[in-house]
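Asker: Let me give you the structure first, and then I'll get to my questions.
2 protein chains.
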Amino acid sequence: MKTEEPLIESWRNLLSQYSRVAHELDRALQAEHCLTMSDFEVLDRLIAADGCKARIHDLVGDLHLSQSASSRAVARLEKCGLVERAMCDTDRRGVFVTATDRGRDLHDAARQTQLAVLQKHLA
Amino acid sequence: MKTEEPLIESWRNLLSQYSRVAHELDRALQAEHCLTMSDFEVLDRLIAADGCKARIHDLVGDLHLSQSASSRAVARLEKCGLVERAMCDTDRRGVFVTATDRGRDLHDAARQTQLAVLQKHLA
DNA sequence: GGGCAATAAATTCACTTGCATATTCTGCTG
DNA sequence: CAGCAGAATATGCAAGTGAATTTATTGCCC
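Keeping their order, the protein sequence lines are chains A and B.
Quick note on our numbering: the first sequence kicks off at 1 and runs consecutively.
Quick note on our numbering: the second sequence kicks off at 124 and runs consecutively.
So, in structure tokens, the structure goes:
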């Protein structure tokens with residue numbers, strides 16, 4: 001099996017490593033915490049933000065998700081009581097999202113799951 | 124910004140590199156050849172197979188796609204006339220998929236697109 | 001040979017996604 | 001200050017996805 005293009009070879013490696021880990025992560029987070037990988041990512045960025053609080057607009061940039069997908073991920077988290085929306089006083093177009101206590105707790109737990117999966121499939 | 128867990132750091136890098144390249148690839152293949160990244164992958168594996176012919180079952184293993192998604196990708200390619208299905212004589216549960224001439228031509232063209240994108244976003 | 005677990009593929013279903021659009025609000029500009 | 005381009009979200013829609021199920025067929029064991 002010759003390796004015609006090293007570039008294609010790299011891409012295939014990237015693709016299969018990503019697929020393997022992403023699939024496992026998604027499965028584990030879903031099974032143990034009812035969270036999508038995307039949901040977890042949103043929660044994770046939120047927790048990392050100053051005061052566990054950020055505007056959706058600012059989250060989108062980090063998320064590898066479109067604006068609409070991000071908006072809906074926040075909606076899902078809100079429905080689960082992991083996050084709260086609040087009007088932004090200074091700009092009423094904006095929406096602040098804050099992690100609730102349950103959100104923080106779940107994040108702590110999910111983070112352990114994430115680490116375990118990464119340890120196993122990315123190490 | 125401290126880097127608490129190198130493992131998480133690696134995962135983030137993997138994720139963002141993958142997202143960037145995959146998004147570009149998908150966009151370019153769609154725009155220039157009306158092909159999904161998955162469609163192209165199926166076609167690509169098929170062309171690589173002996174005689175441009177393979178059973179769906181055998182393709183699935185390489186594809187990073189579920190069996191159902193693979194089945195549908197083949198259906199899409201067939202609808203576009205890039206691929207043909209044929210009963211498998213020795214096992215009538217199986218289905219052989221063969222690339223048509225148009226399929227081979229489109230693959231050649233799409234491969235150039237792929238290389239260009241990889242060159243630009245993975246180099 | 002008849003029955004039955006296992007296999008290949010297709011299909012149903014619930015869900016997520018991105019694009020395009022609608023809605024609400026801000027900040028200029030005249 | 002009226003009007004209007006542009007920004008921040010939400011939503012309608014079409015499409016793709018995986019898990020589970022269905023359908024057809026095979027191969028084995030009695």
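The C-beta atom is built at its ideal place from N, Cα and C for all residues, glycine as well.
The model shown is predicted, which means the values in this text are computed figures rather than measured ones.
#1: Using a beta-carbon distance cut-off of less than 8 Å, what residues from the stretch 45 to 71 of chain A approach chain B?
#2: Rounded to a whole number of angstroms, what is the C-alpha to C-alpha distance between L115/A and H180/B?
#3: Which residues share a DSSP beta bridge with E124/A?
#4: Roughly how many whole angstroms lie between the Cα atoms of R102/A and D50/A?
#5: Interface residues of chain A around S161/B at Cβ under 8 Å?
#6: Look at the Cβ atom of L182/B, then the Cβ atom of A233/B, and state whether they are nearer than 7 Å.
#7: Considering Cα atoms alone, identify which of L63/A, C80/A, I47/A is closest to T98/A.
#8: Checking 7 Å against the spacing of the C-beta atoms, do V117/A and E24/A come in under that value?
#9: Return helix, strand or coil for R92/A, following the three-state DSSP convention.
#10: Note down the Cα distance separating K176/B from S161/B, rounded to an integer number of angstroms.
#11: Using only CA atoms, which one of T159/B, Y141/B, E127/B, C203/B lies nearest to D149/B?
#12: For K120/A, tell me which candidate among V95/A, I8/A, Q17/A has the shortest Cα-Cα distance.
#13: Are the CB atoms of L77/A and S70/A within a distance shorter than 7 Å?
#14: Give the range of the alpha helix (DSSP H) segment to which A192/B is assigned.
#15: Under 7 Å between the Cβ atoms of V95/A and R104/A?
#16: Could you tell me whether any Cβ in chain B is nearer than 7 Å to the Cβ of L7/A?
#17: To be precise: take each residue of the stretch 131 to 159 of chain B, compare its Cβ to all Cβ atoms of chain A, and keep it if any distance is under 9 Å. Which residues remain?
#18: How many Å lie between L15/A and E9/A at the Cα?
#19: Let's test the definition: count the other Cβ atoms within 10 Å of the Cβ of A196/B and tell me whether it reaches 16, buried, or not, exposed.
#20: The alpha helix (DSSP H) spanning A171/B covers which residue range?
#21: What does DSSP give as the partner residue(s) for A54/A in the beta ladder?
Answerer: Walking through what the data contain:
#1: H64
#2: Numbered from 1 along the first sequence, position 115 holds the residue referred to as residue 115/A. Numbered from 1 along the second sequence, position 57 holds the residue referred to as residue 180/B. Those two C-alpha atoms are separated by around 33 Å.
#3: For chain A, the structure presents residues 1 to 123; residue 124/A sits outside this window and is missing.
#4: One-based indexing of the first sequence puts residue 102/A at position 102. One-based indexing of the first sequence puts residue 50/A at position 50. Taking the straight line from one Cα to the other gives about 18 Å.
#5: As a working mapping, residue 161/B is identified with position 38 in the second sequence. Within chain A, no residue comes near S161/B; the closest Cβ sits about 11 Å away, beyond 8 Å.
#6: Looking up residue 182/B in the second sequence gives position 59. Looking up residue 233/B in the second sequence gives position 110. Contact: no.
#7: Here residue 98/A is taken as the residue at index 98 of the first sequence, counted from 1. Checking every option, the nearest Cα to that of T98/A belongs to I47/A.
#8: Mapped onto the first sequence, residue 117/A falls at position 117. Mapped onto the first sequence, residue 24/A falls at position 24. Yes; because the gap between Cβ atoms is below 7 Å, this pair is in contact.
#9: Mapped onto the first sequence, residue 92/A falls at position 92. Here R92/A sits in coil by DSSP.
#10: Looking up residue 176/B in the second sequence gives position 53. Looking up residue 161/B in the second sequence gives position 38. So the alpha carbons of these two residues sit roughly 18 Å apart.
#11: Position 26 of the second sequence, counted from the first residue, corresponds to residue 149/B. The shortest Cα separation from D149/B among T159/B, Y141/B, E127/B, C203/B belongs to T159/B.
#12: Locating residue 120/A in the first sequence gives position 120, where the first residue counts as 1. Comparing Cα-Cα distances from K120/A to each of V95/A, I8/A, Q17/A, the minimum goes to Q17/A.
#13: Here the question's residue 70/A lines up with position 70 in the first sequence. Here the question's residue 77/A lines up with position 77 in the first sequence. The answer is no: Cβ separation not under 7 Å.
#14: Position 69 of the second sequence, counted from the first residue, corresponds to residue 192/B. First-last of the alpha helix (DSSP H) with A192/B: 190 to 202.
#15: The residue given as residue 95/A occupies position 95 in the first sequence. The residue given as residue 104/A occupies position 104 in the first sequence. No, these two residues do not count as a Cβ contact at 7 Å.
#16: For the purposes of this step, residue 7/A is taken as the residue at position 7 of the first sequence. Yes, its Cβ sits closer than 7 Å to a Cβ of chain B.
#17: I131, S133, W134, L137, L138, S139, Q140, Y141, S142, R143, V144, A145, H146, L148
#18: Translated into positions along the first sequence, residue 15/A becomes position 15. Translated into positions along the first sequence, residue 9/A becomes position 9. In a straight line, the C-alpha of L15/A is about 10 Å away from that of E9/A.
#19: Taking the second sequence and counting its residues from 1, the one referred to as residue 196/B is at position 73. The residue is buried, with at least 16 neighbouring Cβ atoms inside 10 Å.
#20: By 1-based counting over the second sequence, the position of residue 171/B is 48. Unbroken alpha helix (DSSP H) run through A171/B: 160 to 171.
#21: What you label residue 54/A is simply residue 54 of the first sequence in a count that begins at 1. Answer by DSSP bridge pairing, in chain order: V97/A.
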